[in-house]
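Here is the structure we will look at.
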Amino acid sequence: MSDPIILAVPKGRILGEALPLLARAGIVPEAAFADDSSRALRFRTNQPDIDLIRVRAFDVATFVAHGAAQMGIVGSDVLAEFDYSELYAPVDLGIGHCRLSVAEPADMAAKDDPRGWSHVRIATKYPHVTRRHFEGRGVQAECVKLNGAMELAPVLGLAPRIVDLVSSGRTLQENGLVEVEVIAQVTSRLIVNRAAFKTRGQVVPLVDRFRQAVAA
1 MSDPIILAVP KGRILGEALP LLARAGIVPE AAFADDSSRA LRFRTNQPDI
51 DLIRVRAFDV ATFVAHGAAQ MGIVGSDVLA EFDYSELYAP VDLGIGHCRL
101 SVAEPADMAA KDDPRGWSHV RIATKYPHVT RRHFEGRGVQ AECVKLNGAM
151 ELAPVLGLAP RIVDLVSSGR TLQENGLVEV EVIAQVTSRL IVNRAAFKTR
201 GQVVPLVDRF RQAVAA
């Protein structure tokens with residue numbers, strides 16, 4: 001039997017939405033996957049030819065692009081940030097709905113007009129997406145790369161604005177920030193390594209199972 005297909009799934013909020021979808025596609029992880037005390041990162045499933053790895057969302061794209069995993073589930077925000085040519089995203093899974101937005105302190109927003117910006121300093125973990133967005137508007141974006149706690153940047157004077165994922169907006173509100181511009185709507189996608197798509201016989205049927213799971 002050939003090596004199992006490795007499917008990379010993200011830790012965090014999206015995983016909770018992805019598990020029912022995996023089940024509808026006929027993939028159920030071993031019991032250890034649900035054990036919060038387990039430090040394991042690779043898990044067997046009820047399908048002997050499919051293993052799961054659980055990694056950070058940004059790392060899903062890297063594992064699949066470099067062929068360490070053949071398939072994965074990741075947000076379209078991550079795909080836009082990395083833009084790996086080795087990735088194919090055949091299925092919008094319809095989960096993980098949120099948006100990538102520009103936010104700033106409420107008192108600044110009360111007298112600010114994004115149409116008048118010519119230069120912005122922004123804290124974000126999406127520097128490439130942010131620069132591309134603002135370049136398209138003729139605005140120079142100076143990006144400060146952060147991996148988390150974005151809402152602290154305006155409060156502590158690191159950058160007056162942030163670009164981050166927004167779902168309910170509660171985190172922004174609790175930190176005195178408001179959305180002033182939406183860069184992109186985000187959903188999670190099934191991604192496939194292009195070489196694996198051509199050479200691993202299990203991949204195409206598995207993609208079809210995910211399509212059917214979404215339709216169901």
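Under full-length UniProt numbering, the first residue of the sequence shown is numbered 1, with each subsequent residue one higher.
A virtual CB, placed ideally from N, CA and C, is assigned to each residue, including glycine.
- Comparing C-alpha distances from residue 85 to each of 194, 210 and 208 shows the shortest one belongs to 194.
- Checking the DSSP bridge columns, you'll see residue 71 partnered with 7 and 192.
- Rounded to the nearest whole angstrom, the CA to CA distance from residue 114 to residue 122 is 13 Å.
- Within the UniProt domain "ATP phosphoribosyltransferase catalytic" (56-211), the beta strand (DSSP E) runs of at least 3 residues that lie entirely inside it are, in chain order, 71-75, 87-92, 98-105, 119-124, 140-145, 161-166, 177-186 and 188-193.
- Residue 29 carries a strand assignment under DSSP once its states are collapsed to helix, strand and coil.
- For the 8 Å CB-CB criterion, residue 103 and residue 178 form a contact.
- Distance between residue 45 and residue 153, taken at the CA atoms: about 41 Å.
- Boundaries of the alpha helix (DSSP H) harbouring residue 13: 13-24, taken from the DSSP string.
- In the pairwise beta carbon analysis, the segment 66-82 is classified as touching the segment 116-133: at least three pairs are separated by under 8 Å.
- Contact between residue 124 and residue 146 holds, with the beta-carbon distance rounding to 7 Å and staying under 8 Å.
- Judged by their CB atoms, residue 57 and residue 90 are not nearer to each other than the 8 Å cut-off.
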